[in-house]
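The sequence shown begins at 611 in this note's numbering and counts up one residue at a time. We put the CB at the ideal spot given by N, CA and C, even for glycine.
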Amino acid sequence: MKNKGQLQTIEAIISISIVGVILILLFSRAPDSQDLTYLNRKIEVYNTLRIIDLTQDLRKHAIDGNSEKIEEMLHHYIKFDFKVAIFNSTTNTTKVPEVDSENLAVVSYLIHGDSFRYSPLEIRVYIW
């Protein structure tokens, strides 16, 4: 009987060791850290667009398709490289910028277009 108890004890130690090793392997890896720079930039651009929408003529310039004026308004607040494009519900109304950067992020800001009919416009800010 003594051998049977020792065998069960060894089996229990081995099974606990296996479970422990698996748990250590699963939880010991550091999670892949994301580059928070672009996330912070995207939040900054979105908040800036929101402030400009509330205080200035962002909607008017978007309806007119004047992405240069929107870029000019954003340059007062944003100090990194960006370009603006305006899209309606089906196609782009301004030229999509050509960017030669591997680290590109896009911020979309939707607004209601004309007040007489539903025509949503999307302002896309490409940042790098």
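Note to self: Using a Cβ distance threshold of 8 Å, determine whether the segment 692–699 contacts the segment 670–680, with at least three qualifying pairs required.
What the structure shows: yes
Other residues of its chain near TYR719: CB distance less than 6 Å, five sequence neighbours each side excluded
As a working note, residue 719 is residue 109 in the sequence shown. Excluding residues within five positions, the ones whose Cβ falls inside 6 Å are LEU659 and ILE733.
**Q.** Cut-off 6 Å between Cβ atoms - residues of its own chain near THR665, not counting five sequence neighbours on either side
**A.** For the purposes of this step, residue 665 is taken as the residue at position 55 of the sequence shown. Answer for THR665: no residue qualifies.
Q) For HIS671, which option in THR619, PHE726, GLN618 and ILE721 has the closest C-alpha, if you only look at C-alpha atoms? A) As a working mapping, residue 671 is identified with position 61 in the sequence shown. Of the candidates THR619, PHE726, GLN618 and ILE721, the one whose C-alpha sits nearest the C-alpha of HIS671 is ILE721.
I'd like to confirm the pairing. Which residues does DSSP put opposite VAL717 in its beta bridges? On the sequence shown, position 107 is the one that residue 717 refers to. Answer is VAL735.
VAL717 and VAL655 - do their beta-carbons sit closer together than 9 Å? If you number the sequence shown from 1, residue 655 lands on position 45. If you number the sequence shown from 1, residue 717 lands on position 107. Cβ atoms of VAL655 and VAL717: closer than 9 Å.
Nearest to PHE692 (by Cα), restricted to the options THR700, SER638 and VAL709:
Taking the sequence shown and counting its residues from 1, the one referred to as residue 692 is at position 82. Of the listed residues, the one whose Cα sits closest to PHE692 is VAL709.
Classify ILE607 as helix, strand or coil using the three-state DSSP reduction.
Outside the displayed span of the chain (611 to 738) sits residue 607, for which this structure offers no information.
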